[in-house]
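**Student:** Residues in the sequence shown are numbered consecutively from 1, following full-length UniProt numbering. One structure, as C-alpha coordinates, below. Some questions next.
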Amino acid sequence: MSTRVLATKLFVPARRPQAVARARLIERLREGRRAGHRLSLTSAPAGFGKTTLLSEWIAAEQRDDPASRVAWLSLDAGDSDPGRFLTYLAAVSLRERSDATEFIEAFTGSHRFVLDYLVEEVLKGLPAPVRDFLLETAILDRLSGPLCEAVTGQPAGGAMLESLERANLFVLPLDDHRQWYR
1 MSTRVLATKL
11 FVPARRPQAV
21 ARARLIERLR
31 EGRRAGHRLS
41 LTSAPAGFGK
51 TTLLSEWIAA
61 EQRDDPASRV
71 AWLSLDAGDS
81 DPGRFLTYLA
91 AVSLRERSDA
101 TEFIEAFTGS
111 HRFVLDYLVE
121 EVLKGLPAPV
131 RDFLLETAIL
141 DRLSGPLCEA
151 VTGQPAGGAM
161 LESLERANLF
171 VLPLDDHRQW
181 YR
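Listed below in C-alpha coordinates is the structure:
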(Lines of atoms letter the chains of each structure in order from A; the text may use other names.)
(Lines give C-alpha, C1' and ligand atoms only; values in the text may rest on other atoms or scores of the structure.)
Protein backbone atom coordinates (compact mmCIF):
# COMPACT_ATOMS: atom_id res chain seq x y z
CA MET A 1 0.00 0.00 0.00
CA SER A 2 1.48 3.36 -0.96
CA THR A 3 0.98 6.53 1.01
CA ARG A 4 0.17 9.61 -1.04
CA VAL A 5 1.44 12.95 0.16
CA LEU A 6 -1.10 15.76 0.26
CA ALA A 7 1.03 18.71 -0.88
CA THR A 8 -1.16 21.33 0.80
CA LYS A 9 -0.05 20.01 4.21
CA LEU A 10 3.46 21.24 3.33
CA PHE A 11 2.58 24.84 2.40
CA VAL A 12 3.16 27.69 4.84
CA PRO A 13 -0.22 29.44 5.21
CA ALA A 14 -0.38 33.05 4.07
CA ARG A 15 0.00 35.67 6.77
CA ARG A 16 -3.22 37.44 7.70
CA PRO A 17 -2.52 41.20 7.56
CA GLN A 18 -5.39 42.12 9.91
CA ALA A 19 -4.35 39.64 12.62
CA VAL A 20 -3.52 40.86 16.10
CA ALA A 21 0.27 41.00 16.51
CA ARG A 22 1.70 38.68 19.16
CA ALA A 23 5.09 40.26 19.72
CA ARG A 24 5.82 38.42 22.98
CA LEU A 25 5.10 34.96 21.51
CA ILE A 26 7.02 35.73 18.32
CA GLU A 27 9.98 36.83 20.40
CA ARG A 28 9.89 33.52 22.31
CA LEU A 29 9.95 31.62 19.01
CA ARG A 30 12.83 33.76 17.78
CA GLU A 31 14.75 33.15 21.01
CA GLY A 32 14.45 29.43 20.40
CA ARG A 33 15.80 29.78 16.90
CA ARG A 34 18.69 31.98 18.09
CA ALA A 35 19.47 29.33 20.70
CA GLY A 36 19.96 26.83 17.90
CA HIS A 37 16.66 24.99 18.09
CA ARG A 38 15.88 23.55 14.66
CA LEU A 39 12.30 22.51 15.34
CA SER A 40 9.33 24.39 16.76
CA LEU A 41 6.27 22.40 17.75
CA THR A 42 3.11 24.33 18.48
CA SER A 43 0.10 22.72 20.11
CA ALA A 44 -3.14 24.30 21.32
CA PRO A 45 -6.87 23.76 20.89
CA ALA A 46 -8.58 24.75 17.65
CA GLY A 47 -9.11 28.47 17.22
CA PHE A 48 -6.30 29.62 19.52
CA GLY A 49 -4.31 31.20 16.68
CA LYS A 50 -1.48 28.71 16.16
CA THR A 51 -1.45 29.07 12.37
CA THR A 52 -1.73 32.86 12.56
CA LEU A 53 1.12 33.08 15.09
CA LEU A 54 3.43 30.81 13.13
CA SER A 55 2.67 32.52 9.81
CA GLU A 56 3.52 35.87 11.39
CA TRP A 57 6.72 34.47 12.90
CA ILE A 58 7.82 32.95 9.59
CA ALA A 59 7.13 36.22 7.77
CA ALA A 60 9.22 38.11 10.35
CA GLU A 61 12.09 35.60 10.10
CA GLN A 62 12.14 35.73 6.31
CA ARG A 63 11.86 39.52 6.29
CA ASP A 64 14.90 39.82 8.60
CA ASP A 65 16.84 37.00 6.92
CA PRO A 66 15.69 36.23 3.35
CA ALA A 67 18.00 33.19 3.28
CA SER A 68 16.27 31.57 6.27
CA ARG A 69 14.71 28.20 5.50
CA VAL A 70 11.40 27.05 6.88
CA ALA A 71 9.57 23.76 6.50
CA TRP A 72 5.89 23.47 7.37
CA LEU A 73 3.86 20.38 8.14
CA SER A 74 0.20 20.59 9.15
CA LEU A 75 -0.81 17.55 11.16
CA ASP A 76 -4.17 15.94 11.83
CA ALA A 77 -5.39 12.84 13.67
CA GLY A 78 -4.53 10.58 10.72
CA ASP A 79 -0.87 11.51 11.04
CA SER A 80 -0.56 9.56 14.30
CA ASP A 81 0.24 6.48 12.19
CA PRO A 82 4.06 6.24 12.33
CA GLY A 83 4.42 5.23 8.68
CA ARG A 84 2.27 8.09 7.47
CA PHE A 85 3.97 10.60 9.77
CA LEU A 86 7.45 9.53 8.62
CA THR A 87 6.32 9.79 4.99
CA TYR A 88 5.36 13.42 5.58
CA LEU A 89 8.61 14.15 7.42
CA ALA A 90 10.50 12.73 4.45
CA ALA A 91 8.42 14.86 2.06
CA VAL A 92 9.18 18.00 4.08
CA SER A 93 12.88 17.14 4.15
CA LEU A 94 13.06 16.62 0.40
CA ARG A 95 10.73 19.40 -0.73
CA GLU A 96 13.31 21.97 -1.77
CA ARG A 97 16.30 19.71 -2.34
CA SER A 98 17.68 19.75 -5.86
CA ASP A 99 19.58 16.55 -5.07
CA ALA A 100 16.67 14.50 -3.66
CA THR A 101 17.64 11.26 -5.39
CA GLU A 102 21.28 11.57 -4.32
CA PHE A 103 20.21 12.41 -0.77
CA ILE A 104 17.94 9.34 -0.56
CA GLU A 105 20.63 7.04 -1.95
CA ALA A 106 23.20 8.41 0.52
CA PHE A 107 20.91 8.17 3.54
CA THR A 108 21.99 5.28 5.74
CA GLY A 109 19.86 5.68 8.83
CA SER A 110 22.97 6.67 10.77
CA HIS A 111 21.69 10.21 11.03
CA ARG A 112 21.47 10.64 14.79
CA PHE A 113 18.18 12.57 14.92
CA VAL A 114 16.38 9.83 12.99
CA LEU A 115 17.77 7.13 15.25
CA ASP A 116 16.75 9.09 18.36
CA TYR A 117 13.24 9.61 16.97
CA LEU A 118 12.82 5.95 16.05
CA VAL A 119 13.94 4.74 19.46
CA GLU A 120 12.05 7.30 21.55
CA GLU A 121 8.82 7.67 19.61
CA VAL A 122 8.28 4.62 17.46
CA LEU A 123 9.97 1.58 18.98
CA LYS A 124 9.05 2.34 22.60
CA GLY A 125 5.37 2.48 21.62
CA LEU A 126 5.32 -0.98 20.07
CA PRO A 127 4.41 -4.22 21.85
CA ALA A 128 7.52 -6.02 23.12
CA PRO A 129 7.29 -8.95 20.65
CA VAL A 130 7.10 -6.56 17.67
CA ARG A 131 9.90 -4.36 19.00
CA ASP A 132 12.12 -7.39 19.67
CA PHE A 133 11.45 -8.78 16.19
CA LEU A 134 12.38 -5.46 14.55
CA LEU A 135 15.56 -5.08 16.59
CA GLU A 136 16.68 -8.68 16.05
CA THR A 137 16.09 -8.59 12.29
CA ALA A 138 17.54 -5.10 11.75
CA ILE A 139 20.87 -6.66 10.76
CA LEU A 140 19.32 -8.19 7.63
CA ASP A 141 19.33 -6.42 4.25
CA ARG A 142 16.45 -8.59 3.02
CA LEU A 143 13.91 -10.46 5.10
CA SER A 144 11.78 -13.55 4.57
CA GLY A 145 9.64 -15.47 7.03
CA PRO A 146 12.00 -18.45 7.34
CA LEU A 147 15.09 -16.22 7.57
CA CYS A 148 13.50 -14.12 10.33
CA GLU A 149 12.53 -17.31 12.17
CA ALA A 150 16.14 -18.50 12.00
CA VAL A 151 17.50 -15.17 13.28
CA THR A 152 14.95 -14.63 16.06
CA GLY A 153 14.37 -18.24 17.05
CA GLN A 154 10.63 -17.49 17.02
CA PRO A 155 7.94 -19.07 14.80
CA ALA A 156 5.63 -17.18 12.44
CA GLY A 157 8.21 -14.85 10.89
CA GLY A 158 6.10 -14.56 7.73
CA ALA A 159 3.01 -13.59 9.71
CA MET A 160 5.01 -10.95 11.58
CA LEU A 161 6.32 -9.48 8.31
CA GLU A 162 2.77 -9.31 6.91
CA SER A 163 1.58 -7.65 10.11
CA LEU A 164 4.40 -5.09 9.93
CA GLU A 165 3.57 -4.34 6.30
CA ARG A 166 -0.14 -3.81 7.09
CA ALA A 167 0.85 -1.42 9.89
CA ASN A 168 3.32 0.46 7.64
CA LEU A 169 6.14 -0.37 10.04
CA PHE A 170 9.53 -0.38 8.34
CA VAL A 171 9.08 -3.19 5.80
CA LEU A 172 8.38 -3.12 2.08
CA PRO A 173 7.62 -6.20 -0.03
CA LEU A 174 10.20 -6.98 -2.70
CA ASP A 175 8.01 -9.39 -4.68
CA ASP A 176 4.35 -9.87 -5.56
CA HIS A 177 4.12 -13.02 -3.44
CA ARG A 178 5.27 -11.14 -0.36
CA GLN A 179 7.95 -13.65 0.48
CA TRP A 180 10.85 -11.17 0.57
CA TYR A 181 10.92 -7.76 2.24
CA ARG A 182 13.41 -5.05 2.96
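Even glycine gets a Cβ: it sits at the ideal position worked out from N, Cα and C.
What's the C-alpha gap between Leu-54 and Arg-34?
**Tutor:** Whole-angstrom Cα-Cα distance: 16 angstroms.
**Student:** So Arg-142 packs on Arg-182, CB below 8 angstroms; how close in whole Å?
**Tutor:** Going by Cβ atoms, the distance from Arg-142 to Arg-182 rounds to 6 angstroms, so yes, they are a contact pair.
**Student:** Leu-6 lies in the alpha helix (DSSP H); which residues open and close that run?
**Tutor:** Careful: Leu-6 lies outside any alpha helix (DSSP H) and carries neither H nor E.
**Student:** In this structure, what does DSSP give as the bridge partners for Pro-173?
**Tutor:** Bridge partners of Pro-173: Tyr-181.
**Student:** Can you look up Leu-126 in the DSSP assignment and give me helix, strand or coil?
**Tutor:** Correct three-state label for Leu-126: coil.
**Student:** Note down, in chain order, each residue of its chain lying with its Cβ closer than 8 angstroms to the Cβ of Thr-42, except the 5 sequence neighbours on either side.
**Tutor:** So the list reads Lys-50, Leu-53 and Leu-54, once near-sequence residues are dropped.
**Student:** Only counting the same chain, and skipping five residues up and downstream in sequence, which positions put a Cβ closer than 7 angstroms to that of Leu-29?
**Tutor:** Correct list, in chain order: Ser-40 and Trp-57.
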